[in-house]
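Protein chains in written order, with this note's numbering: chain H, -16 to 148; chain A, 5 to 243.
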């Protein structure tokens, strides 16, 4: 396993960066210019007081875009990956929270969001499960990047490696 | 693994890049958020333009019927009764209002029916704030106009930050609700008990969604998928 990692680490790092960064960039980009939708989506989780939830709905897409760009180009990848993984884990916690409280919503992950009709409860619960698994997977890529932030095609290189060459 | 951790420790010396990146990210997020907030404010103000030529009707006295799910009732004792269950944020209620609102207003103003408005709040915090304001308006005899005006400016999305006490007071201003009593009632949430009672009564009456209509206590089952005035008025006449 370690041998495999040693050999392919630069590629795995690149793939992880593109995966996590790509998802964040797309998710942020789809929401950034629909602030009312995004604000409504965050408020629908009923975790934060409404006005703070709205503010978060306005800010979150831009954070996703910024982190996504950093990961894709490979600048401060470790820092960006830690934030990205933290954001994913917060999403997981939020979805578990609404599930436990029996609230039915569209997660609003890629735009949209808000309450869903009770007749679609089964579909919503299946969606929650998939979203939790997806976000956990993305959090894993972020954690991997914490340990191996430098790979192929990254703007930033470790100083020591440059010296070694 | 050990190699890369070591390498990054060495590059940890490049604190400048790190702080530059943190600074840039913060700047992007702050600019984006401020941009959105300002945009939303402008949009909300523009939506008020719809109320510029609002014709305020005569006040109609209303009371709250605690026994009937704390609904706002007008013309108690009339021969026919219509129970309307609506949430201020529900977009389909707005469609219903567009089709039948003027007809119902007329029934109320000509005292042809006892209409009970059950102002629900199951769509989130902003429905609660808006429902509270609706009860405040009812207290001052301006429920009909306030209800109509609220639908005229209803945002496309629920809980998007529009139904704040400030904006609700502003809506009130367009329909002649300018008293300090109304402003106080909206900002302090004086009617929250009634709002909660109305919401809690949904189970008792087996109301699962909005809009729901009862004619003389009997559930109206519409045949048309949309709302058609002819169907509604025929059902009322037949009731």
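A virtual CB, placed ideally from N, CA and C, is assigned to each residue, including glycine. The model shown is predicted, which means the values in this text are computed figures rather than measured ones.
Starting from residue 157 of chain A, find everything on chain H with Cβ-Cβ shorter than 9 angstroms and list it in chain order.
Chain H residues near residue 157 of chain A: none, gap ~14 angstroms exceeds 9 angstroms.
So which residues of chain A does residue 160 of chain H contact, with C-beta pairs closer than 7 angstroms?
With chain H represented from -16 up to 148, any question about residue 160 of chain H goes unanswered, as that position is not in the structure.
Taking residue 107 of chain H as the reference, give the member of H:128, H:120, H:124, H:79 with the closest Cα.
When each option's Cα is compared against that of residue 107 of chain H, the closest is H:79.
What number of angstroms, rounded off, separates the C-alpha of residue 118 of chain H from the C-alpha of residue 74 of chain H?
Those two C-alpha atoms are separated by around 7 angstroms.
Should residue 119 of chain A be flagged as near chain H, meaning a C-beta pair shorter than 8 angstroms?
No - not a single Cβ of chain H is within 8 angstroms of the one on residue 119 of chain A.
Am I right that residue 13 of chain H and residue 94 of chain H are in contact with their C-beta atoms under 8 angstroms? What's the rounded C-beta distance?
4 angstroms between Cβ atoms; contact.
With a threshold of 8 angstroms between beta-carbons, can residue -7 of chain H be considered close to chain A, or not?
So, not an interface residue.
Is the Cβ of residue 79 of chain A closer than 8 angstroms to any Cβ of chain H?
Not closer than 8 angstroms to any Cβ of chain H, the Cβ of residue 79 of chain A fails to qualify, so no.
Just to check, is the beta-carbon of residue 138 of chain H closer than 7 angstroms to a non-hydrogen atom of the ligand ADP?
What this structure holds is no ligand at all, so the ligand ADP is not there to describe.
By DSSP's criteria, residue 67 of chain A is part of a beta bridge. Which residues make up the other side?
A:77, per the DSSP bridge assignment.
Does residue 120 of chain H come out as helix, strand or coil in the three-state DSSP assignment?
DSSP places residue 120 of chain H in helix when its eight states are reduced to three.
Can you tell which of H:32, H:87, H:10, H:56 has its C-alpha closest to the C-alpha of residue 25 of chain A?
With distances taken between Cα atoms, residue 25 of chain A lies closest to H:56.
For residue 155 of chain A, which residues of its own chain have a beta-carbon under 6 angstroms away from its beta-carbon, when the five flanking residues on both sides are left out?
Same-chain partners within the cutoff: 98, 101.
Which residues bound the alpha helix (DSSP H) around residue 87 of chain A?
That residue, residue 87 of chain A, is in no alpha helix (DSSP H); its beta strand (DSSP E) goes 84 to 90.
Tell me whether residue 195 of chain A is buried or exposed, calling it buried when 16 or more other Cβ atoms sit within 10 Å of its Cβ.
Under this definition residue 195 of chain A is a buried residue.
Check residue 122 of chain A in the structure and name its three-state DSSP category.
Strand.
Look at the alpha carbon of residue 65 of chain H and the alpha carbon of residue 128 of chain H, and state the distance between them as a whole number of angstroms.
Rounded to the nearest angstrom, the two C-alpha atoms are 8 angstroms apart.
Please confirm whether residue 32 of chain A has its beta-carbon closer than 8 angstroms to some beta-carbon of chain H.
Yes, residue 32 of chain A counts as interfacial toward chain H.
Quick one: grab the DSSP three-state call for residue 223 of chain A.
Strand, per DSSP.
Here's the rule: buried if 16 or more other CB atoms are within 10 angstroms of the residue's CB, otherwise exposed. What is residue -16 of chain H?
Exposed is the call here.
Does DSSP put residue 140 of chain A in a helix, a strand or coil?
Residue 140 of chain A falls in the helix class under three-state DSSP.
For the alpha helix (DSSP H) holding residue 51 of chain A, just list the boundary residues, first then last.
Unbroken alpha helix (DSSP H) run through residue 51 of chain A: 19 to 51.
For residue 59 of chain H, decide whether its Cβ has a neighbour in chain A, counting only Cβ atoms nearer than 8 angstroms.
Yes - at least one Cβ of chain A is within 8 angstroms of the one on residue 59 of chain H.
When burial is assigned at 16 or more other CB atoms within 10 Å of the CB, is residue -1 of chain H buried or exposed?
Under this definition residue -1 of chain H is a buried residue.
Quick one: what's got a C-beta closer than 7 angstroms to residue 89 of chain H's C-beta in the same chain, skipping five residues either side?
Answer for residue 89 of chain H: 95, 96, 97, 99, listed in chain order.
Near residue 148 of chain H, what residues of its chain come up, given a Cβ to Cβ distance below 7 angstroms and the 5 sequence neighbours on each side ignored?
Legend: pLDDT at residue 148 of chain H = 45, less than 50; position of this residue unreliable, no value from coordinates given.
Does the beta carbon of residue 229 of chain A come closer than 8 angstroms to any beta carbon on chain H?
Not closer than 8 angstroms to any Cβ of chain H, the Cβ of residue 229 of chain A fails to qualify, so no.
For chain H, is any of its Cβ atoms less than 8 angstroms away from the one on residue 22 of chain A?
Taking Cβ atoms only, chain H reaches closer than 8 angstroms to residue 22 of chain A, which makes this a yes.
Taking only three categories from DSSP, how would you classify residue 217 of chain A?
Strand, per DSSP.
Mind checking who residue 92 of chain H pairs with in its DSSP beta bridge?
Residue 92 of chain H pairs with H:94.
Please list the residues of the segment 93 to 111 of chain H that have a C-beta atom closer than 8 angstroms to any C-beta atom in chain A, keeping them in chain order.
Against chain A - using a Cβ distance shorter than 8 angstroms - the residues of the segment 93 to 111 of chain H are 97, 98, 100, 101.
Given that residue 37 of chain A touches chain C, what residues does it touch there, using C-beta distances under 8 angstroms?
Among the protein chains of the structure shown, namely H and A, there is no chain C.
Among A:237, A:163, A:145, A:231, whose alpha-carbon lies nearest the alpha-carbon of residue 66 of chain A?
Of A:237, A:163, A:145, A:231, the residue nearest in Cα terms is A:145.
Just to confirm before moving on: does the CB-CB distance between residue 73 of chain A and residue 208 of chain A stay below 8 angstroms?
Yes, Cβ-Cβ distance for residue 73 of chain A and residue 208 of chain A is below 8 angstroms.
Let me check understanding here. Comparing Cα to Cα, which of A:172, A:112, A:77 lies closest to residue 55 of chain A?
Among A:172, A:112, A:77, the Cα nearest to that of residue 55 of chain A is on A:172.
In this structure, how does DSSP classify residue 232 of chain A when only helix, strand and coil are distinguished?
Residue state, collapsed to three classes: coil.
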